[in-house]
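Colleague: What follows is a single structure, and I will ask about it in a moment.
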Amino acid sequence: MPKHTSRRTRRSVLVALGLLTGVVIAPELPASGVGPGAGERVRQDFNGDGYEDLAVSAPDATVNGKHGAGYVAVVYGSANGLDLHKKKVYSQASAGVPGNPETRDAFGYGLGAADLDGDGFTDLLVEAQGEKWQYGGVTRQSSRTVLWGGAAGFVSATVLPAVGDSPYQDGHVVNGDFNGDGHQDLVRMGSVEFGPFERDGSPVSTQDTGLTYKSNQSLAALAAGDADGDGNTDLVARVREETDDGEEITGHFYLHYVRGSRDGLRPLTVLKDAQGRPVESDSLSLELGDLNGDGRADLVDGYKKLKIFCSTASGPDTTAPLVIDQNTPGVPGTQEAVDHFGSQVSIGDVDGDGYGDILAGDSAEAVGTVKYAGTFAVIPGGPNGPTGGGTKVFSQNSSGVPGASESYDNFGEAVELVDSNDDGRAEPVVGAMGENGFNGAVWVFRSTTAGVTAKGSFSFGAGTLGTVAKLAGLGDEFTD
Numbered sequence: 021m022p023k024h025t026s027r028r029t030r031r032s033v034l035v036a037l038g039l040l041t042g043v044v045i046a047p048e049l050p051a052s053g054v055g056p057g058a059g060e061r062v063r064q065d066f067n068g069d070g071y072e073d074l075a076v077s078a079p080d081a082t083v084n085g086k087h088g089a090g091y092v093a094v095v096y097g098s099a100n101g102l103d104l105h106k107k108k109v110y111s112q113a114s115a116g117v118p119g120n121p122e123t124r125d126a127f128g129y130g131l132g133a134a135d136l137d138g139d140g141f142t143d144l145l146v147e148a149q150g151e152k153w154q155y156g157g158v159t160r161q162s163s164r165t166v167l168w169g170g171a172a173g174f175v176s177a178t179v180l181p182a183v184g185d186s187p188y189q190d191g192h193v194v195n196g197d198f199n200g201d202g203h204q205d206l207v208r209m210g211s212v213e214f215g216p217f218e219r220d221g222s223p224v225s226t227q228d229t230g231l232t233y234k235s236n237q238s239l240a241a242l243a244a245g246d247a248d249g250d251g252n253t254d255l256v257a258r259v260r261e262e263t264d265d266g267e268e269i270t271g272h273f274y275l276h277y278v279r280g281s282r283d284g285l286r287p288l289t290v291l292k293d294a295q296g297r298p299v300e301s302d303s304l305s306l307e308l309g310d311l312n313g314d315g316r317a318d319l320v321d322g323y324k325k326l327k328i329f330c331s332t333a334s335g336p337d338t339t340a341p342l343v344i345d346q347n348t349p350g351v352p353g354t355q356e357a358v359d360h361f362g363s364q365v366s367i368g369d370v371d372g373d374g375y376g377d378i379l380a381g382d383s384a385e386a387v388g389t390v391k392y393a394g395t396f397a398v399i400p401g402g403p404n405g406p407t408g409g410g411t412k413v414f415s416q417n418s419s420g421v422p423g424a425s426e427s428y429d430n431f432g433e434a435v436e437l438v439d440s441n442d443d444g445r446a447e448p449v450v451g452a453m454g455e456n457g458f459n460g461a462v463w464v465f466r467s468t469t470a471g472v473t474a475k476g477s478f479s480f481g482a483g484t485l486g487t488v489a490k491l492a493g494l495g496d497e498f499t500d
């Protein structure tokens, strides 16, 4: 079977962050609509019981006989972690979800989490990349549905209104508190939509992001987090710039920074290196999270290597990046041409020491002679940021991990950190959309004060969820 093209390659877009900034919901939080500070780690508690929950998609899945219609599975957290007895599957065939399953709708192509209406329950945003729909007299492609959280889970949903006149409503969507008012906002299609949102999807107000580009420039990715520590969520954009010399067109990617403020987003700044040149980005993954415990979200730019830009009161310091790859001392393995080390990244505290750690997927890594089997690495943070020391690497061949590494499993194609038992230590969740001939599956690991362990890890697939397995690509996307 030919290699399945990865989700990041297919869409060249990141719906970012372990600050894809959702909302922290404590068990006792009243329905006041006041969320966390912009720098806090996302918690996604869809039913408000105090435990984080998992959302994972299978956008290529068959639903009601329609291949590629797609679905999203939710597994709820508990005192003992993710509980497979507490799971639900949502698709456009589900009661309360608008639309109908259609071939190649790809419901679940992108996921996000935020308390958009301020009721104290995290809501789930689901992109259907292939969906064609009417809005404002224009046929649109790509919709985004909000499944509204509640004590009984998701019982109602709304398709967000289209933004602007563009027929294609693309997947560059991130959320956070960009004006520091305690409500979650959305950035999409060049606009900031300020929360809280009504249940019809309408925001309180909107603002232009200032992310406007020349004809040879285009937005490739967004990440959101409080990089300067002022309590307002900021944006980092990855921008493609093309040059045509008359013989060939070449493209380079650069990083732009937009600070949040009490008045919303400020004008963008082009991030520059120590020589004053625009910083180039080679990444498939942008992520913001606090790796050194200073209260500011640091920037991780990942693909084949991790470039880490620690943040200051002025935002990401791009003059002296930390660089970690498989040749870095303390990191197991050897850097190889086809590796995708760090192409998927999630940030969270796996050992409870107060420093964010990096979960880095490498879905193209060979395990022994088994090509494209996939691995993931856990890279500890610390007071000076990550160094590579103490890194652990896991595959399906690791002792205690269910299954076995097989060609084109793409284990590590999607990664996320979820504190599903509320012990202050986030557990890795890993997708392998290529498992069993691209049926896909998901692995859940444990975290202790000594870090991540394979002991007690488990996996699940379509059989557990009661869904159609064939070519579903389960594990393609998490909310992170």
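Position in the sequence shown (first residue = 1) + 20 = the working numbering.
Virtual Cβ for every residue (Gly too), placed ideally from N, Cα, C.
Just so you know, these numbers come straight off a predicted model, no measurement behind them.
#1: Whose C-beta lies closer than 8 Å to the C-beta of Gly408 among residues of the same chain, with five residues either side of it excluded?
#2: From the DSSP output, in three-state form, read off Val148 for me.
#3: Is the CB-CB distance between Tyr375 and Gly313 below 7 Å?
#4: Can you tell me whether Gly378 is buried or exposed? The criterion is at least 16 other CB atoms within 10 Å of its CB, across all chains shown.
#5: What is the C-beta distance between Ala474 and Ser425, in whole angstroms, given that I count them as a contact (C-beta under 8 Å)?
#6: Whole angstroms are fine: how far does the CA of Ala317 sit from the CA of Thr41?
#7: Looking at C-beta atoms only, is the number of pairs between the segment 435 to 451 and the segment 462 to 478 that lie closer than 8 Å three or more?
#8: Considering just the uninterrupted stretch of the alpha helix (DSSP H) at Ala340, what are its terminal residues?
#9: Taking 8 Å as the limit between beta carbons, can you name the residues of its chain near Gly486, skipping five residues before and five after?
#10: In angstroms with no decimal places, state the Cα-to-Cα distance between Pro121 and Gly150.
#11: Looking at the secondary structure, which residues open and close the beta strand (DSSP E) in which Thr270 lies?
#12: With C-beta atoms as the reference, is Ser363 less than 7 Å away from Tyr71?
#13: Within its chain, find whatever has a CB closer than 7 Å to the CB of Asp248; leave out the 5 residues flanking it on each side and keep chain order.
#14: So the alpha helix (DSSP H) Ala482 belongs to, where does it begin and stop?
#15: Using a Cβ-Cβ cutoff of less than 7 Å, which residues in the same chain neighbour Val299 once the five nearest sequence positions on both sides are dropped?
#16: Rounded to whole angstroms, what's the CA-CA distance from Gly420 to Val387? Just pull it up for me.
#17: Does the distance from the CB of Ser111 to the CB of Tyr91 come in under 7 Å?
#18: Excluding sequence positions up to five away, which residues of its chain have a Cβ less than 8 Å from the Cβ of Gly481?
#19: Can you give me the C-alpha to C-alpha distance between Gln154 and Ser211, rounded to a whole angstrom?
#20: Terminal residues of the continuous beta strand (DSSP E) containing Phe414?
#21: Helix, strand or coil for Glu300, going by three-state DSSP, please let me know.
#22: Please work out which residues of its chain come closer than 8 Å, Cβ to Cβ, to Pro118, disregarding the five sequence neighbours upstream and downstream, and give them in chain order.
#23: Please identify the residue among Gly170, Ser238, Ala397 whose C-alpha is closest to the C-alpha of Val370.
#24: Comparing C-alpha positions only, which one of Pro216, Ala93, Gly402 sits nearest to Tyr492?
#25: Helix, strand or coil for Phe458 per DSSP?
#26: Whole angstroms are fine: how far does the CA of Pro341 sit from the CA of Pro406?
#27: Would you grab the beta carbon distance between Ala502 and Phe498 for me? Rounded to a whole angstrom, and I think it's under 8 Å.
#28: For the beta strand (DSSP E) that contains Tyr110, what are its first and last residues?
#29: Between Ala243, Asn236, Asp246, which has its C-alpha nearest Thr270's C-alpha?
#30: In the DSSP output, what is Tyr155 paired with across the bridge?
#31: At 3 residues or longer, what runs of the beta strand (DSSP E) sit wholly inside the segment 382 to 414?
#32: With a CB to CB cut of under 7 Å and the five nearest residues on each side skipped, what residues in its chain are close to Gly423?
#33: Run through the segment 211 to 296 for me and flag every whole alpha helix (DSSP H) of 4 or more residues, listed as ranges in chain order.
#34: Among all the DSSP beta bridges, which residues are the ones paired with Asn195?
#35: Please name the residue, chosen from Val464, Ser163, Gly410, that lies closest to Gly432 on a Cα-to-Cα basis.
Modeller: The structure says:
#1: Counted from its first residue, the sequence shown places residue 408 at position 388. Excluding its 5 nearest sequence neighbours in each direction, Gly408 has C-beta neighbours in its own chain below 8 Å: Ile344, Thr348, Pro349, Gly350, Val351, Ile399, listed in chain order.
#2: Here residue 148 corresponds to residue number 128 of the sequence shown, with the count starting at 1. For the sequence presented, residue 148 should be read as Ala rather than Val. The three-state secondary structure of Ala148, taken from DSSP, is strand.
#3: Here residue 375 is taken as the residue at index 355 of the sequence shown, counted from 1. Here residue 313 is taken as the residue at index 293 of the sequence shown, counted from 1. Yes; because the gap between Cβ atoms is below 7 Å, this pair is in contact.
#4: Against the sequence shown, residue 378 aligns to sequence position 358. A small correction: the amino acid at residue 378 is Ile; Gly does not occupy that position in the sequence shown. Ile378 should be labelled buried.
#5: To locate residue 474, count along the sequence shown from 1; it is residue 454. To locate residue 425, count along the sequence shown from 1; it is residue 405. Contact doesn't hold; Cβ gap of about 13 Å is too wide.
#6: Taking the first residue of the sequence shown as 1, we reach residue 41 at position 21. Taking the first residue of the sequence shown as 1, we reach residue 317 at position 297. Bear in mind that the predicted position of Thr41 carries a pLDDT of just 32, short of 50, making it unreliable; the figure below should be weighed with that in mind. Their Cα atoms are separated by approximately 11 Å.
#7: yes
#8: Within the sequence shown, numbered from 1, the residue matching residue 340 stands at position 320. First-last for Ala340: undefined, no H or E at that position.
#9: Here residue 486 refers to the residue found at position 466 when the sequence shown is read from its first residue. When the five nearest sequence neighbours on each side are left out, the beta carbons in the same chain lying within less than 8 Å of the beta carbon of Gly486 are those of Val109, in order along the chain.
#10: Taking the sequence shown and counting its residues from 1, the one referred to as residue 121 is at position 101. Taking the sequence shown and counting its residues from 1, the one referred to as residue 150 is at position 130. Pro121 and Gly150: Cα-Cα distance of roughly 11 Å.
#11: Working through the sequence shown from its first residue, we reach residue 270 at position 250. 269 to 278 is the span of the beta strand (DSSP E), which, as asked, contains Thr270.
#12: Taking the first residue of the sequence shown as 1, we reach residue 363 at position 343. Taking the first residue of the sequence shown as 1, we reach residue 71 at position 51. No, these two residues do not count as a Cβ contact at 7 Å.
#13: Locating residue 248 in the sequence shown gives position 228, where the first residue counts as 1. Its chain contains Asp254, Arg279, Arg316, Ser331, Ala333, Ser334, Gly335 as the residues whose beta carbon lies nearer than 7 Å to that of Asp248, once the 5 sequence neighbours on both sides are disregarded; these appear in chain order.
#14: What you label residue 482 is simply residue 462 of the sequence shown in a count that begins at 1. Looking at the DSSP string, the run of the alpha helix (DSSP H) that includes Ala482 is 482 to 485.
#15: Residue mapping note: residue 299 aligns to position 279 of the sequence shown, counting from 1. Excluding residues within five positions, the ones whose Cβ falls inside 7 Å are Tyr274, Leu275, Leu291, Lys292, Asp293, Thr338.
#16: Position 400 of the sequence shown, counting from 1, holds the residue named residue 420. Position 367 of the sequence shown, counting from 1, holds the residue named residue 387. Whole-angstrom Cα-Cα distance: 16 Å.
#17: For the purposes of this step, residue 111 is taken as the residue at position 91 of the sequence shown. For the purposes of this step, residue 91 is taken as the residue at position 71 of the sequence shown. Yes, the Cβ-Cβ distance between Ser111 and Tyr91 is below 7 Å.
#18: Locating residue 481 in the sequence shown gives position 461, counting from the first residue. Answer for Gly481: Glu455, Asn456, Asn459, Gly460, Ala461, Val462, Ala489, Leu494, listed in chain order.
#19: Taking the first residue of the sequence shown as 1, we reach residue 154 at position 134. Taking the first residue of the sequence shown as 1, we reach residue 211 at position 191. Whole-angstrom Cα-Cα distance: 20 Å.
#20: Here residue 414 refers to the residue found at position 394 when the sequence shown is read from its first residue. Counting along the chain, the beta strand (DSSP E) containing Phe414 begins and ends at 412 to 414.
#21: Mapped onto the sequence shown, residue 300 falls at position 280. Strand at Glu300.
#22: For the purposes of this step, residue 118 is taken as the residue at position 98 of the sequence shown. Counting only Cβ-Cβ distances below 8 Å, and skipping sequence neighbours, we find Gln112, Thr165, Ala177, Thr178, Val179.
#23: Within the sequence shown, numbered from 1, the residue matching residue 370 stands at position 350. Of the listed residues, the one whose Cα sits closest to Val370 is Ala397.
#24: Along the sequence shown, one-based indexing puts residue 492 at 472. Note that residue 492 is Ala in the sequence shown, not Tyr. Ranking Pro216, Ala93, Gly402 by CA distance to the CA of Ala492 puts Ala93 first.
#25: Counting from 1 along the sequence shown, the entry for residue 458 is found at position 438. Residue state, collapsed to three classes: helix.
#26: In the sequence shown, residue 406 corresponds to position 386, counting from 1. In the sequence shown, residue 341 corresponds to position 321, counting from 1. Distance between the alpha carbons of Pro406 and Pro341: 11 Å.
#27: With the chain represented from 21 up to 500, any question about residue 502 goes unanswered, as that position is not in the structure.
#28: By one-based count along the sequence shown, residue 110 stands at place 90. Where Tyr110 is concerned, the enclosing beta strand (DSSP E) stretches over 103 to 110.
#29: Here the question's residue 270 lines up with position 250 in the sequence shown. Of the candidates Ala243, Asn236, Asp246, the one whose C-alpha sits nearest the C-alpha of Thr270 is Asn236.
#30: Working through the sequence shown from its first residue, we reach residue 155 at position 135. Per DSSP, Val158.
#31: List check, beta strand (DSSP E) in window: 395 to 399, 412 to 414.
#32: As a first step, residue 423 is located in the sequence shown; it is residue number 403 there, counting from the start. Within the same chain, Gly423 has close Cβ partners Gln416, Ser479.
#33: none
#34: Residue mapping note: residue 195 aligns to position 175 of the sequence shown, counting from 1. In the DSSP output, where bridge partners are listed per residue, Asn195 has Leu206.
#35: Counting from one through the sequence shown, the residue named residue 432 turns up at place 412. Minimum Cα distance to Gly432 is reached at Val464.
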